[in-house]
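Colleague: Take the sequence shown: its position 52, counted from the start at 1, is 1441 in the working numbering, and no numbers get skipped.
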Amino acid sequence: MKKITFNDLNSQETMRNPIKFYKNLIKQQERFFHIDDFYGMGGAWVVLQYDDVVSILKDPRFLKDLRKFTPPHDKQKSIDENTPVSKLFEWIMNMPNMLTVDPPDHTRLRRLVSKSFTPRMIEELRPRIQQISDELIAAVQKQGKMEIIADFAYPLPIIVISEMLGIPTTDRNQFRKWTQELMTASVDPSQGTAVTATLEEFIHYIEVLLNEKRLNPGDDLISALVQSKEQEDKLSKNELLSTIWLLIIAGHETTVNLIGNGVLALIQHPEQMNLLRQDPSLLPSAIDELLRFAGPVMFSSRFAGEDMTIHGKKIRKGELILLSLTAANIDPKEFTYPEALNISREENNHLAFGNWYTSLFGSSAGASRRTNCIRHFVTAVS
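Here's what the structure looks like:
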């Protein structure tokens, strides 16, 4: 049996055809298997099957907060201080946001952050997303061709997020550059040579912006987050920084990935594209199926909160668990004909976001972005 590495899971070949890769991996590997490297931070357990992924997501013994642990006894030197991407990953995992903390901290953060995501803000966002989408589509229709990522998938969410956060128009190109570099480095270690400097610049910029919004609040999300308070409790500087980072990842990267992956899937399955054109009422189920079949998030992660044995594997407290959402979403025990794209699929309990996205503040806004994006694409190519 071939020893699988994180590079195998994250390779360009895997990205091009993840279903083929994970179909073979499910056949070849045990339910839990170990990889020896993960962004220079030591090893991790990889979980492939749907029921195991769901079980771990629900099991309170598995935690999200890395700060609760010290490295296992033989992993003291597991973090390579000279690896820029390791520093980025460590910063991400150690910053307190709703993706990296457990109850009761998670409950507190969600309560404070949700005060900024009012129903009025979400409703006002919908027509603006529509307007931006229309403008992006109109800009390319005259030339008769579209580069999906560059012309639509990438600019749409970054414009929406910049406006939501209150990033000044003059700063948006630089903001886009920073976020692109950080997100690229977070999934591709080979691109991480300058990531430390980029991270420092990004953090400094957000800190300055937070101070400006604190002194001169506007009608934007950062101002609302800065002012969010419940009795005497409010978000700390690190919580604000981390929440803004999470907004960028949740709002931008997942949207870009879904549009790119989803559009490619529809192009590769023209019969499903035609079905959606003929019956637009299938759009909600089509979105769910595209999330399952071509999901934007490959892994969710947890840390073992105690020593335990699962399926005969001894897992030690503090070890990292990588839940393969891609593999879980093609598990034949859960989905009928999982390798087929079926936008009419009725029972579709996919794990595209590892059950974390729907608990976040942006789920309604994210759903609006996803629906508008796919609807606009299908309309544009009709």
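Heads up, the beta-carbon is just placed ideally off N, CA and C, and yes, glycines get one too.
#1: Among R1565, L1709, Q1417, N1737, which has the Cα closest to the Cα of F1591?
#2: Quick one: using the 10 Å Cβ neighbour count with 16 as the cut-off for buried, is H1739 buried or exposed?
#3: What's the call for L1604, buried or exposed, on a 16-neighbour Cβ count within 10 Å?
#4: If H1423 sits next to G1431, beta carbons under 8 angstroms apart, how far is it from one beta carbon to the other, in whole angstroms?
#5: Taking the alpha-carbon positions, what's the F1661 to E1736 distance?
#6: Using the three-state DSSP reduction, which class does I1408 fall into: helix, strand or coil?
#7: How close, in whole Å, do the beta carbons of R1450 and M1687 come, if the pair is a contact with beta carbons under 8 angstroms?
#8: If you draw a straight line from the alpha carbon of W1434 to that of P1673, how long is it in whole angstroms?
#9: By how many angstroms is the C-alpha of T1403 removed from the C-alpha of F1410?
#10: S1522: buried (16+ other C-beta within 10 angstroms of its C-beta) or exposed?
#11: Indicate whether the contact test is met: 3 or more Cβ pairs, each with one atom in the region 1615-1634 and one in the region 1485-1496, closer than 8 angstroms.
#12: Here's the rule I'm using: 16 or more other beta-carbon atoms within 10 Å means buried, otherwise exposed. How should N1406 be labelled?
#13: Give the list of continuous alpha helix (DSSP H) stretches no shorter than 4 residues that lie fully inside the region 1523-1581.
#14: Per DSSP, which one or two residues make a beta bridge with D1622?
#15: Relative to the C-alpha of A1542, which residue among I1637, L1599, T1496, N1650 is closest?
#16: Assign Y1726 to one of two classes, buried (16 or more other C-beta atoms within 10 Å of its C-beta) or exposed (fewer than that).
#17: What does a CB cutoff of less than 7 angstroms around Q1616 pick up in its chain, not counting 5 residues either side in sequence?
#18: Starting from the Cα of Q1563, find the closest Cα among D1540, T1587, D1668 and give me that residue.
#19: Would you give the residue range spanned by the beta strand (DSSP E) that L1488 belongs to?
#20: What residue from S1612, A1675, T1585 has the CA that sits closest to V1597's CA?
#21: With a 10 Å radius around its C-beta and 16 neighbouring C-beta atoms as the bar for buried, classify K1602 as buried or exposed.
#22: Would you report the Cα separation of L1398 and F1724, rounded to the nearest angstrom?
#23: Assuming I1710 contacts I1445 (C-beta within less than 8 angstroms), just tell me the rounded distance between them.
#24: My guess is that L1614 and G1555 are in contact by the Cβ rule of under 8 angstroms, so how many angstroms apart are they, rounded?
#25: Have a look at I1637, I1719, N1627 and flag the residue whose alpha-carbon is nearest the alpha-carbon of I1548.
#26: Under a Cβ-count criterion, where at least 16 other Cβ atoms within 10 Å of its own Cβ denotes burial, should H1641 be classed as buried or exposed?
#27: Would you say the beta carbon of Q1519 comes nearer than 7 angstroms to a heavy atom of the ligand COA?
#28: Could you please give the first and the last residue of the uninterrupted beta strand (DSSP E) stretch that includes R1691?
#29: Using DSSP with H/G/I as helix, E/B as strand and the rest coil, what is S1713?
#30: Does the beta-carbon distance from F1421 to K1702 come in below 8 angstroms?
#31: Label Q1772 either buried or exposed according to how many other C-beta atoms from any shown protein chain fall within 10 Å of its C-beta, with 16 as the threshold for buried.
#32: Secondary structure at K1457, three-state DSSP: helix, strand or coil?
Modeller: Reading from the atomic positions:
#1: Along the sequence shown, read from residue 1 onward, the residue named residue 1591 stands at position 202. Ranking R1565, L1709, Q1417, N1737 by Cα distance to F1591 puts R1565 first.
#2: Position 350 of the sequence shown, counted from the start, is the residue given in the question as residue 1739. By the neighbour-count rule (16 or more Cβ atoms within 10 Å), H1739 is buried.
#3: Your numbering for residue 1604 matches position 215 in the sequence shown. L1604 should be labelled exposed.
#4: Walking along the sequence shown from the start, residue 1423 turns up at place 34. Walking along the sequence shown from the start, residue 1431 turns up at place 42. Not confirmed; about 11 angstroms, so no contact.
#5: Taking the first residue of the sequence shown as position 1, residue 1661 is located at position 272. Taking the first residue of the sequence shown as position 1, residue 1736 is located at position 347. Before going further, note that residue 1661 is Gln rather than Phe in the sequence given. Distance between the alpha carbons of Q1661 and E1736: 17 angstroms.
#6: In the sequence shown, counting from the first residue as 1, residue 1408 sits at position 19. Residue state, collapsed to three classes: helix.
#7: On the sequence shown, position 61 is the one that residue 1450 refers to. On the sequence shown, position 298 is the one that residue 1687 refers to. Their Cβ separation, rounded to whole angstroms, is 24 angstroms, which puts R1450 and M1687 out of contact at 8 angstroms.
#8: Against the sequence shown, residue 1434 aligns to sequence position 45. Against the sequence shown, residue 1673 aligns to sequence position 284. So the alpha carbons of these two residues sit roughly 34 angstroms apart.
#9: Numbered from its first residue, the sequence shown carries residue 1410 at position 21. Numbered from its first residue, the sequence shown carries residue 1403 at position 14. Answer to the nearest angstrom: the Cα atoms are 6 angstroms apart.
#10: Residue mapping note: residue 1522 aligns to position 133 of the sequence shown, counting from 1. Buried, by the Cβ-count rule.
#11: yes
#12: Translated into the one-based positions of the sequence shown, residue 1406 becomes position 17. N1406 comes out exposed.
#13: 1544-1554, 1561-1576
#14: As a working mapping, residue 1622 is identified with position 233 in the sequence shown. Note: D1622 sits in a beta bridge opposite E1619.
#15: What you label residue 1542 is simply residue 153 of the sequence shown in a count that begins at 1. That would be N1650, whose Cα lies nearest to the Cα of A1542.
#16: To locate residue 1726, count along the sequence shown from 1; it is residue 337. Exposed: under 16 other Cβ atoms inside 10 Å.
#17: Stepping through the sequence shown from its first residue, residue 1616 is reached at position 227. Here the set comprises P1606.
#18: Residue mapping note: residue 1563 aligns to position 174 of the sequence shown, counting from 1. Minimum Cα distance to Q1563 is reached at T1587.
#19: Here residue 1488 is taken as the residue at index 99 of the sequence shown, counted from 1. First-last for L1488: undefined, no H or E at that position.
#20: As a working mapping, residue 1597 is identified with position 208 in the sequence shown. With distances taken between Cα atoms, V1597 lies closest to S1612.
#21: As a position in the sequence shown, residue 1602 is number 213, starting the count at 1. The residue in question, K1602, is buried, as its Cβ has 16 or more Cβ neighbours within 10 Å.
#22: Looking up residue 1398 in the sequence shown gives position 9. Looking up residue 1724 in the sequence shown gives position 335. Distance between the alpha carbons of L1398 and F1724: 22 angstroms.
#23: Position 321 of the sequence shown, counted from the first residue, corresponds to residue 1710. Position 56 of the sequence shown, counted from the first residue, corresponds to residue 1445. Indeed, because the Cβ distance is near 6 angstroms, the residues count as touching under 8 angstroms.
#24: By 1-based counting over the sequence shown, the position of residue 1614 is 225. By 1-based counting over the sequence shown, the position of residue 1555 is 166. Wrong, their Cβ atoms sit about 10 angstroms apart, outside the cutoff.
#25: Numbered from 1 along the sequence shown, position 159 holds the residue referred to as residue 1548. Of the listed residues, the one whose Cα sits closest to I1548 is I1637.
#26: The residue you call residue 1641 lines up with position 252 of the sequence shown. Looking at its Cβ environment, which holds 16 or more other Cβ atoms inside 10 Å, H1641 is buried.
#27: Absent from the structure shown: the ligand COA. Ligands present: none.
#28: As a working mapping, residue 1691 is identified with position 302 in the sequence shown. First-last of the beta strand (DSSP E) with R1691: 1688-1693.
#29: Locating residue 1713 in the sequence shown gives position 324, counting from the first residue. Reduced to three states, the DSSP call for S1713 is strand.
#30: One-based indexing of the sequence shown puts residue 1421 at position 32. One-based indexing of the sequence shown puts residue 1702 at position 313. Yes, these two residues count as a Cβ contact at 8 angstroms.
#31: Because the chain in this structure spans residues 1390 to 1771, residue 1772 falls outside the shown range and cannot be described.
#32: Mapped onto the sequence shown, residue 1457 falls at position 68. Three-state DSSP puts K1457 in a helix.
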